[in-house]
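**Q** Read left to right, the sequence shown gives residues 373 to 603 (this note's numbering). Don't be surprised by glycine CBs; every beta carbon is placed ideally from N, CA and C.
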Amino acid sequence: MVSIFVNPTQFGPNEDFGNYPRTLAEDLRLLEGAGTDLVFNPSVDAMYPDGQDGHVSVSVPSLAHTLCGEARPGHFDGVATVVAKLFNIVAPDEAFFGEKDWQQLTLIRTMARQLDMPLAVTGVPTVREASGLAMSSRNNYLSDEERERAALINRILNRIKATIERGDRAYAVAELRGCRALTAAGFDVDYVAIRDADRLGPPDDDTHTLRILAAARLGRARLIDNVGVEL
373 MVSIFVNPTQ
383 FGPNEDFGNY
393 PRTLAEDLRL
403 LEGAGTDLVF
413 NPSVDAMYPD
423 GQDGHVSVSV
433 PSLAHTLCGE
443 ARPGHFDGVA
453 TVVAKLFNIV
463 APDEAFFGEK
473 DWQQLTLIRT
483 MARQLDMPLA
493 VTGVPTVREA
503 SGLAMSSRNN
513 YLSDEERERA
523 ALINRILNRI
533 KATIERGDRA
543 YAVAELRGCR
553 ALTAAGFDVD
563 YVAIRDADRL
573 GPPDDDTHTL
583 RILAAARLGR
593 ARLIDNVGVE
603 L
């Protein structure tokens, strides 16, 4: 079963909820070819029958206010709330979320664990265009030139990964270089960050796996990506 729902409670007042790409007919065609049995595509009224104002909210405070949460206040409370509702409606044994939004995946895993939800949350590797650009609905906002330039995010993350694998642990320096490289290429950078992959805090002596994450705007699109590093 696949769910398709553009959730209004995870969009801020100046974000692109009204214009967010909705391609249901194409999605259904692809899902049918992939052998999907059922598509859950509820309306906003079905998901929020009592309205959005004053609705019960689920929050994961340890993860909701860092990285993308700083640039998008309230976003991850909307994510946690709608996913908790989805899990209650569907009662899945296993739920799959893309690794492209690593913070979202980590937050949902944490929510499910802390609220004793009886399911496994599994990450799905990021699907990329030939250039290395992570596939995303928001890539539709990019011009041909911007789409080519957007692949630089992944290249910079992989450069940082290679530096760490060579033994360089000057994480703050690597983050600053990544930010400067993206800025020089015309991006409006929210962050380039090297974090513990499991808790998204700064790496420490107990960290075994890193996640190198970036978020930046190019034209109309806000782009995110990340890569993992084993220490």
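1) Which residue wins for smallest C-alpha separation from Gly334, given the options Cys551, Glu518, Leu582 and Gln382?
2) Using alpha carbons as the reference points, say which of Leu514, Val601, Ala502 and Asp562 lies closest to Ala593.
3) From the DSSP output, in three-state form, read off Gly539 for me.
4) By the three-class DSSP mapping on this structure, what secondary structure does Phe383 have?
5) Tell me the residue span of the beta strand (DSSP E) that contains Thr498.
6) With DSSP collapsed to three states, give me the class of Arg552.
7) May I ask you to verify whether the stretch 474-494 touches the stretch 449-457, counting CB pairs closer than 8 Å and requiring at least 3?
8) Taking the alpha-carbon of Gly370 as reference, which of Asp409, Ala406 and Arg519 has the nearest alpha-carbon?
9) Let me check understanding here. Comparing Cα to Cα, which of Thr498, Arg552, Ala557 and Asp562 lies closest to Asn598?
10) Just mark Gly550 as buried or exposed, buried being the case when its beta carbon has 16 or more other beta carbons within 10 Å.
11) What whole-angstrom Cβ distance do Ala452 and Leu479 have, given they're in contact under 8 Å?
12) Classify Ile461: buried if its beta carbon has 16 or more other beta carbons within 10 angstroms, exposed otherwise.
13) Quick one: measure Cβ to Cβ for Gly600 and Ala569, integer angstroms, because I've assumed they're closer than 8 Å.
14) Any idea what DSSP makes of Ser375, helix, strand or coil?
15) Can you say whether Leu585 is buried or exposed, counting buried as having 16 or more other CB atoms within 10 angstroms of its CB?
16) Ser429: which of Pro414, Phe448 and Phe468 sits nearest, CA to CA?
17) Taking 7 Å as the limit between beta carbons, can you name the residues of its chain near Ala522, skipping five residues before and five after?
18) In the DSSP assignment, the alpha helix (DSSP H) including Phe469 goes from what residue to what residue?
19) Hey, would you say Val411 sits closer than 8 Å to Leu400, going by beta carbons?
20) Excluding the five sequence neighbours on either side, which residues of its own chain have a C-beta within less than 6 Å of the C-beta of Gly510, listed in chain order?
**A** By the coordinates alone:
1) Residue 334 cannot be examined here, being either before or after the span of the chain that is shown, 373 to 603.
2) Leu514
3) coil
4) coil
5) Careful: Thr498 lies outside any beta strand (DSSP E) and carries neither H nor E.
6) helix
7) yes
8) The structure shown does not extend to residue 370, since the chain is modelled only from 373 through 603, so no value can be given for it.
9) Thr498
10) buried
11) 6 Å
12) exposed
13) 6 Å
14) strand
15) buried
16) Phe448
17) Leu505, Leu514, Leu590 and Leu595
18) No alpha helix (DSSP H) holds Phe469; the beta strand (DSSP E) holding it covers Glu466 to Gly470.
19) yes
20) It should be noted that the sequence gives Arg, not Gly, for residue 510. Within the same chain, Arg510 has close Cβ partners Ala593.
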